[in-house]
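Each residue of the sequence shown is one higher than the one before, counting from 7 in the numbering used here. Quick reminder that beta carbons are idealized off the backbone N, C-alpha and C, glycines included. From a predicted model like this one, the values you see are computed outputs, not experimental measurements. Data first, discussion second: the structure below is written as structure tokens.
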Amino acid sequence: MIDNIKNYLKEVEEFNPKNPEELENFRIKFLGKKGILNDLFQKFKEVPNDTKKEFGQQINHLKQLVNDKINSLKDNYNFSKQPTSDTLDLTRPGYPFNLGTRHPISVVKNKIISIFKKIGFSVADGPEIEDDWHNFTALNMSEHHPARDMQDTFFIDKNPDLVLRTHTSSVQIRYMEKNEPPIRILSPGRVYRNEDISSRSHCMFHQIEGLYVDTNVSFADLKQTLQFFTSELFGKSEIRMRPSYFPFTEPSAEVDVYWGLETETDYRITKGTGWLEILGCGMIDPNVLKNVNINPEKYSGFAFGMGIERIVMLMYQIGDIRMFTENDIRMLKQFSTEY
Ligand code: DAH
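Here is the structure:
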């Protein structure tokens with residue numbers, strides 16, 4: 007019997023659990039209802055009187071040892087306890103933060119904003135659900151104007167018409183209604199059109215627009231500003247302006263940037279011409295200025311607008327516009343080094 011206890015003492019002394027489960031099993035084995043110590047106390051009643059003393063001392067010694075062992079080991083597994091100077095290792099590297107990545111649309115939008123900030127533009131915001139006046143009529147597109155056909159959209163309500171804005175030009179109107187020239191703003195945001203979804207077009211996309219109104223603003227200022235922009239964003243400053251038509255600008259132009267024809271990709275994306283169309287622009291039509299109570303005799307201005315998806319697709323060679331909204335983390339993670 008005494009030998010049995012000696013073996014138990016040895017076992018307790020050498021016990022070295024690898025995890026909290028092992029420690030708990032150890033506790034049950036010795037201190038549980040049907041555990042070793044209860045068993046020994048039962049047997050204690052039957053031992054002859056002359057060995058009772060020694061036997062009792064040994065059992066108590068074992069019990070004490072088991073309790074001490076459990077208490078000292080419990081500290082190692084008590085995670086809620088504050089670390090003490092023995093367990094706190096300040097030299098250990100920290101756990102990495104699991105940071106997300108910016109969406110490529112935001113990356114390019116921020117780049118464009120920071121370029122124009124350098125020359126005094128600030129950002130203006132407006133609602134995505136617009137009324138007819140701000141989205142069309144004030145921009146010189148009256149009710150039956152054929153230009154409305156190109157921007158078929160989604161009607162939220164009729165009479166008065168509420169639409170999902172087809173372009174961020176509506177923000178120009180809102181801003182000019184409330185502010186006096188000089189005005190220099192950018193309006194980035196989401197826009198909607200009733201378009202068939204394909205690799206090149208979507209019913210929801212992003213635009214960024216610029217508006218500059220002051221005294222003596224000329225077409226040369228517009229060209230210079232856009233040249234600055236393309237050289238900052240693409241590293242290419244050779245641009246050409248092709249005559250075009252927008253109801254809210256006169257004259258109007260489409261701007262192409264000379265991309266080059268060095269690689270096979272250059273051939274593909276420029277369709278063998280070397281030129282890429284990137285935005286629309288023009289001098290603000292005097293009718294638009296009148297609609298927002300700015301005197302066109304005194305002030306003039308220019309505006310330009312571009313689709314952000316198109317620019318991102320060019321910069322990063324993304325072949326399908328639908329990828330931007332599919333939320334595929336494998337695609338989005340590729341932009342983790344961009345800011
Ligand atoms: N709003 C035009 C569109 O969505 C783009 C545009 C062209 C905006 C010329 C402008 C501009 O401000 O001057 O197609």
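Mapping DSSP to helix, strand and coil, what is residue i?
i	result
E215	strand
M289	strand
M147	coil
L228	helix
A153	helix
T255	strand
F142	coil
Y316	Here residue 316 is Arg; the residue named in the question, Tyr, does not match the sequence. In this structure, R316 counts as helix in the three-state DSSP scheme.
P26	helix
D95	coil
F103	coil
T336	Here the sequence assigns Arg to residue 336, which means Thr is not the residue at that position. Reduced to three states, the DSSP call for R336 is helix.
P166	coil
R196	strand
F330	helix
R180	helix
D202	coil
F85	Caution applies to F85, whose pLDDT of 47 falls short of 50 and renders its modelled position unreliable; the value that the coordinates give is listed next. DSSP places F85 in coil when its eight states are reduced to three.
I125	coil
L15	helix
V223	coil
S207	coil
R108	coil
M247	strand
V114	helix
V298	coil
R190	strand
V72	helix
D131	coil
F160	coil
F21	coil
Taking all protein chains shown into account, do 16 or more other C-beta atoms lie within 10 angstroms of the C-beta of residue i, making it buried, or fewer, making it exposed?
i	result
H173	buried
S120	exposed
Q70	exposed
L46	buried
K296	exposed
Q48	exposed
F85	Unreliable positioning characterises F85 in this predicted model, as indicated by a pLDDT of 47, which lies under 50. The coordinate reading is nonetheless provided below. So F85 ends up on the exposed side.
P253	buried
K115	buried
D9	exposed
Q178	buried
I343	In the sequence as displayed, the identity of residue 343 is Thr instead of Ile. Per the 10 Å Cβ criterion, exposed.
N146	buried
S78	exposed
T57	exposed
K75	buried
H212	buried
Take residue i as the anchor and find which of the options has the nearest alpha-carbon.
i	options	result
T231	E270, Y273, R190, V177	R190
F122	E303, I214, K184	I214
T255	G278, H109, Q340, A309	A309
T271	Q323, S175, K35, V113	Q323
R346	H208, S250, L267	In the structure displayed, the chain extends from 7 to 345; residue 346 sits before or after that span and is not available.
A259	L228, Y273, E268	L228
V346	T97, P302, P23	This structure gives no information on residue 346, because the portion of the chain shown stretches from 7 to 345.
P292	G325, L285, K339, Y305	Y305
L285	T279, E268, G278, Y251	Y251
H67	F160, Y14, F32	Y14
S193	G313, E283, I327	G313
D220	V261, G311, P152, P188	P188
N200	T236, P166, L267, Q157	Q157
R248	F240, V261, S237	V261
L29	N44, D81, K39, G325	D81
L338	P23, G106, F50	G106
R171	Y181, A144, D138	D138
Whole angstroms are fine: how far does the CA of residue j sit from the CA of residue i?
i	j	result
S205	N333	16 Å
N299	I290	14 Å
D131	E186	17 Å
V263	E149	34 Å
M7	N73	21 Å
R246	W265	11 Å
L168	C287	26 Å
V18	P99	35 Å
V197	R154	15 Å
A226	S128	21 Å
K16	L37	16 Å
E52	I34	24 Å
I203	F103	37 Å
K117	N25	52 Å
V294	N141	12 Å
G307	R274	36 Å
N165	E268	54 Å
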